[in-house]
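Q: Quick one: structure below, then a few questions.
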Amino acid sequence: MTKADLVAEIAQAAGLTKNEAEAVVNTVLGSIVEALQRGDKVELRGFGSFRLRIRKPRVGRNPKTGEKVHVPGKAVPYFKPGKELKEMLNPEEAGGETPATPAGEEP
10 MTKADLVAEI AQAAGLTKNE AEAVVNTVLG SIVEALQRGD KVELRGFGSF
60 RLRIRKPRVG RNPKTGEKVH VPGKAVPYFK PGKELKEMLN PEEAGGETPA
110 TPAGEEP
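What follows is the structure, given as structure tokens:
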């Protein structure tokens, strides 16, 4: 699903114009980014949480030359799915039916 697909679904479900739905999506995504930039975690109950993982600086190697290269530390966004989302995607573990196989994948 693309951002445009999400905007279209929200517009249809909420009875909004596509421009209004796009504003909603951009506001939600922007709020998540701003919270992560402040170092906060974002928790959406029943869906999951977004957090930052801080990677320490390290010494790596250039695979082509074998030369040592300094790799600076950085913050990496991380999504951890919530229990309810996991159960919806894997109902057999929760005692339900097996989910449909995604298109293009073998069972």
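To convert a position in the sequence shown, counted from 1, into this note's numbering, add 9.
For every residue, glycine included, the Cβ atom is placed at its ideal position computed from N, Cα and C.
To which residues does DSSP link G57 through a beta bridge?
A: Answer is L53 and P90, bridged to G57.
Q: In or out: V16 buried (at least 16 other Cβ within 10 Å) or exposed?
A: Classification for V16: buried.
Q: State whether the segment 20-39 contacts the segment 59-71, with contact taken as three or more CB pairs (one from each stretch) at a distance under 8 Å.
A: Result no; under three Cβ-Cβ pairs closer than 8 Å.
Q: Over the uninterrupted alpha helix (DSSP H) stretch that includes G39, give me the two end residues.
A: From DSSP, the alpha helix (DSSP H) with G39 extends over K27 to Q46.
Q: What residue range is occupied by the uninterrupted alpha helix (DSSP H) comprising K12?
A: Unbroken alpha helix (DSSP H) run through K12: K12 to A23.
Q: Do A20 and A30 have their beta-carbon atoms positioned less than 7 Å apart in this structure?
A: In this structure, A20 lies closer than 7 Å to A30 by Cβ.
Q: Where DSSP assigns a beta bridge to K83, which residues make up the other side?
A: For K83, which the question treats as bridged, DSSP gives the partners R64.
Q: Rank S58, M10 and V33 by C-alpha distance to the C-alpha of P90 and give the top, closest one.
A: Among S58, M10 and V33, the Cα nearest to that of P90 is on S58.
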